[in-house]
Amino acid sequence: MSALISIRNLTRRFDVSKPWLNRVIERLNKAYLTAVSDVSFDIEENSVYALVGESGSGKSTIGKIVVGLTPPSEGSVKINDTDLATETDAAKIEAVRDEIQMIFQDPFASLNPRWRVRDIIAEPVAAKGGDTAGLAERLLEQVGLSAADASKYPHEFSGGQRQRICIARALASEPKIIVCDEPTSALDVSVQSQVLNLMSDLREEFGLTYLFISHDLTVVRHMADRIGVLYLGRLVEEAPRDALFTDPKHPYTQMLFDAAPRMDAFGREVDPPKGEIPDAINPPSGCAFHPRCPIAIDRCSKERPEMRLLGQTRVACHRAE
Amino acid sequence: MTDTPVLSVRDLTVEIPTRHGILRPVDQVSYDIRAGEILGVVGESGAGKSMTGNAVIGLLDPPARITGGEVLLKGEPIHDIPRSKLRRLRGKHMGMIFQDPLTSLNPLLTIGDQLTETITEHLNVGQDEARKRAIAALDEVGIPAASARIGSYPHEFSGGMRQRVVIALALCAEPELVIADEPTTALDVSVQAQIVALLKRLCRERGVAVMLVTHDMGVIAEAADRVAVMYAGRLAELGPVREVITNAHHPYTAGLMASTPLASVGQKRLKQIPGAMPRLGALPDGCAFHPRCEYAQDKCRREPGPSIEACDGRAACWFPLGTTQKEDTVA
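Chain order of the listed sequences is A and B.
Just so we're on the same page, our numbering is the position in the first sequence counted from 1, plus 277.
Just so we're on the same page, our numbering is the position in the second sequence counted from 1, plus 59.
Given below as structure tokens:
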């Protein structure tokens, strides 16, 4: 099995310091927010890898780094053994970039309202000087819209239809990898199921690889082959889907599963999780989860746990077994 | 407690006149909420669930207006009283929790100011007493070190804490009815669980009637006692939450439940309802759901869906799904 995308020790820091004059007057140091901290994982070809986590866990930042929208501070992302951030051969960079596309969360913000659907969908090909004749029409039919929709404008479509247009645009340049950042969070349940089914169909038809970013565990459980759980920029657990859902090892994953609403839990009295995600500018020492962890010991506040292999699961916890 | 429901909505109809005709975002909706009960209102966007909440509390934006039916608060009609009188009722008898906690708090006032303002406005107490009650209210919704945080501004709180402040604000004048419009949609899963648990606790301890508007079936299943399913402005189904979720009578409810990823665990494809909710300006003839309904028959295409009472008391459907063939209801 070859890894299509290989992410090693990925770290991304953002400078969130005040302006220099304020720093001088108020004697402040530079401040950094570590959005992604030492994350490593592989994505197999033709699989769906899901990143889950709450807001501020760094899942979108990883997605942006993978498509090259923002450079990593440390570590590397290799796609087909090419690292976009350090590669110098322009032809190789171009070749890799052609293979990645992205679908964003909000289909109302990610389509240019002044462009016709035909131009929106053909843009990734047109920008490279490719042949776009009939392309938009063909793709529209592939995503379940009609060819006649090509000459309409985005405002004439509902949210679910717009997301289909976004998918058609992502498919235009015939990519291998699609990074989906919360592709169905803005959609209603019945429309969400349509879009998810479409994405599954397209994956089989075109042999796509998805990096699927979501906060919704139920969606992830349906779509993903392998799942990485992020907390405060750190990968805390990574496992094949079934292993993760039947036997979560990390206390944070267990907490997430317990907190997620269930349809069969009528009047369930949950003991809600304690606390909230800490400030990413001053993360807790040691394991970032230890202030909220029910089984934390002394060691957890001092020493950051390494990733360990437990069965099929990789977990970063001193106490997991 | 008396037998009169805290809130009773009878055939409520809201209309919006437009250039292209009259739209009816809420169409003959009827339901009751009793003290200490949580009524979940679910539906997709555009189903009219928020509009119903706004109509009840008298916050419809013109030109939308109530054109039919009545809203009774503890047996007293409130749908046709003057705005000034309604203003006295809001806050005192009805509290409101909105989706986005940042936009429902005033960023220029400390949360203490906002709480004491509400308390002195509606309860006959002085500033000192109001401040004490404000701290108690913050304490009750689980804000740590309430007496120290009372001078903080909304931006100094996280999203979950802000929503707690909004809940404290809605409850500080001790209303009998709380309308919570998507209170957890903007929050993370773990914080959502905290807020849902808080709402349930407050409802139980204080006997408040809660109308919980949301699109999240999981939240409804865990929090609500009864659930009302809305589609295109009308009630599609109304019943005890367990019944409605496990044994839906209306094909739309059945489709909605089946299309959540939770219902298809281990299956390759999700069940889906074809099409999308029609726009209000272009409602189909007959039952509004018939173009998407796999059980639709000629009668559904000709005649509007029956009222819930006229049917089996559960679903507004000519051919409600039977109780016998349960497996067939999800398809």
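Where is the CB? At the ideal position from N, CA and C, for every residue including glycine.
If you're wondering where the values come from, they're calculated on a predicted model, not measured in any experiment.
Would A573 (chain A) pass as a contact of R581 (chain A) if the rule is Cβ separation under 9 Å?
Result no, Cβ atoms of A573 (chain A) and R581 (chain A) do not sit closer than 9 Å.
Only counting runs of 4 or more residues, tell me where the alpha helix (DSSP H) segments fall wholly within the stretch 508-535 of chain A, in order along the chain.
518-523
On the DSSP bridge assignment, give the partners of I342 (chain A) in chain order.
According to DSSP, residue pairing for I342 (chain A) in a beta bridge does not occur.
Segments of 4+ residues assigned as alpha helix (DSSP H) that fall wholly inside the stretch 145-218 of chain B
170-181, 186-199, 205-208
Range of the contiguous alpha helix (DSSP H) that encloses M270 (chain B):
Careful: M270 (chain B) lies outside any alpha helix (DSSP H), inside the beta strand (DSSP E) at 268-272.
Under 9 Å, Cβ to Cβ, is there at least one residue of chain A near I140 (chain B)?
Not one chain A Cβ lies under 9 Å of I140 (chain B).
Going by C-alpha distance, which of B:T305, B:A291, B:G201 is nearest I279 (chain B)?
B:T305
Q440 (chain A) lies in the alpha helix (DSSP H); which residues open and close that run?
436-449
Within 7 Å of chain A by C-beta, residues of the stretch 97-124 of chain B in sequence order
Those residues of the stretch 97-124 of chain B that come within reach of chain A (Cβ to Cβ, closer than 7 Å) are E103, S104.
According to DSSP, simplified to helix, strand and coil, what is P367 (chain B)?
In the sequence under discussion, the amino acid at residue 367 (chain B) is Ile, which differs from the Pro named in the question. It is coil, neither helix nor strand.
Which chain B residues sit within Cβ distance under 7 Å of V365 (chain A)?
According to the sequence as given, residue 365 (chain A) is Thr; it is not Val. Per Cβ cutoff of 7 Å: no residues; T365 (chain A) is ~41 Å from chain B at best.
Taking 8 Å as the threshold, find out whether the stretch 278-289 of chain A comes into contact with the stretch 538-551 of chain A through three or more Cβ pairs.
no
V600 (chain A) to E515 (chain A) span [Cα, whole Å]:
Nothing can be reported for residue 600 (chain A): it is not among the residues displayed for chain A, which extend from 278 to 598.
Ordered list of alpha helix (DSSP H) runs contained in the stretch 550-597 of chain A, each at least 4 residues
575-579
Counting only beta-carbon atoms, is N323 (chain A) nearer than 9 Å to chain B?
no
Name, please, each residue of chain A whose Cβ falls closer than 8 Å to the Cβ of L297 (chain B).
Within 8 Å Cβ-Cβ: nothing; L297 (chain B) doesn't reach chain A, min ~17 Å.
For chain B, check one thing: does any of its Cβ atoms lie closer than 9 Å to the Cβ of E331 (chain A)?
At a cut-off of 9 Å between beta carbons, E331 (chain A) contacts chain B.
Secondary structure, beta strand (DSSP E): runs of 3+ residues fully inside the stretch 279-350 of chain B
285-290, 293-299
Relative to the C-alpha of S104 (chain B), which candidate in B:L119, B:R360, B:A335 has its C-alpha closest?
The option with the nearest alpha carbon to S104 (chain B) is B:A335.
Is I431 (chain A) helix, strand or coil by DSSP?
It should be pointed out that residue 431 (chain A) corresponds to Pro in this sequence rather than to Ile. If DSSP states are grouped into helix, strand and coil, P431 (chain A) belongs with the helices.
According to DSSP, simplified to helix, strand and coil, what is N389 (chain A)?
coil
Could you check if Q253 (chain B) belongs to the surroundings of the ligand NAP, using beta carbon to heavy atom distance under 8 Å?
Within the structure as shown, the ligand NAP is missing, as the structure has no ligands at all.
How about T319 (chain B): is its C-beta nearer than 9 Å to some C-beta of chain A?
yes
In three-state terms, what does DSSP make of M278 (chain A)?
The predicted model places M278 (chain A) with a pLDDT of 49, which falls under 50 and marks its position as unreliable; any figure quoted below should be read in that light. Looking at M278 (chain A) - three-state DSSP - the assignment turns out to be coil, as it is neither helix nor strand.
Please classify D387 (chain B) as buried or exposed, where buried requires at least 16 neighbouring CB atoms within 10 angstroms.
Reliability fails at D387 (chain B), whose pLDDT of 43 lies under 50, so the model's placement of it is uncertain and the value that follows must be treated cautiously. Its Cβ having fewer than 16 others within 10 Å, D387 (chain B) is exposed.
Below 7 Å between beta carbons is the criterion; list the residues of the stretch 448-472 of chain A that meet it against any residue of chain B, in chain order.
D465, V466, S467, V468, S470, Q471
Taking the beta strand (DSSP E) that C457 (chain A) belongs to, which residues open and close that run?
454-458
9 Å is my cut-off, CB to CB: does T338 (chain A) come that close to chain B?
no
Measuring only the C-alpha atoms, how far is N113 (chain B) from S67 (chain B)?
Each residue's alpha carbon lies about 14 Å from the other.
In chain A, what lies closer than 7 Å to S217 (chain B) by C-beta?
E553
Taking its Cβ as the centre, do 16 or more other Cβ atoms sit within 10 Å of D366 (chain A), making it buried, or is it exposed?
Using a 10 angstroms sphere on the CB of D366 (chain A), the tally of other CB atoms stays under 16, which defines it as exposed.
Comparing the C-beta of N474 (chain A) with each C-beta of chain B, is any distance below 9 Å?
Answer yes: the Cβ-Cβ gap between N474 (chain A) and chain B drops below 9 Å somewhere.
Any beta-carbon of chain B closer than 9 Å to the one on Q438 (chain A)?
yes
Does T523 (chain A) pass the burial test, meaning 16 or more other C-beta atoms within 10 Å, or should it be called exposed?
exposed
Are the CB atoms of L388 (chain A) and I442 (chain A) nearer to each other than 9 Å?
yes
8 Å Cβ shell around P452 (chain A) - same chain, five flanking residues per side excluded:
D375, E376, I377, Q378, L485
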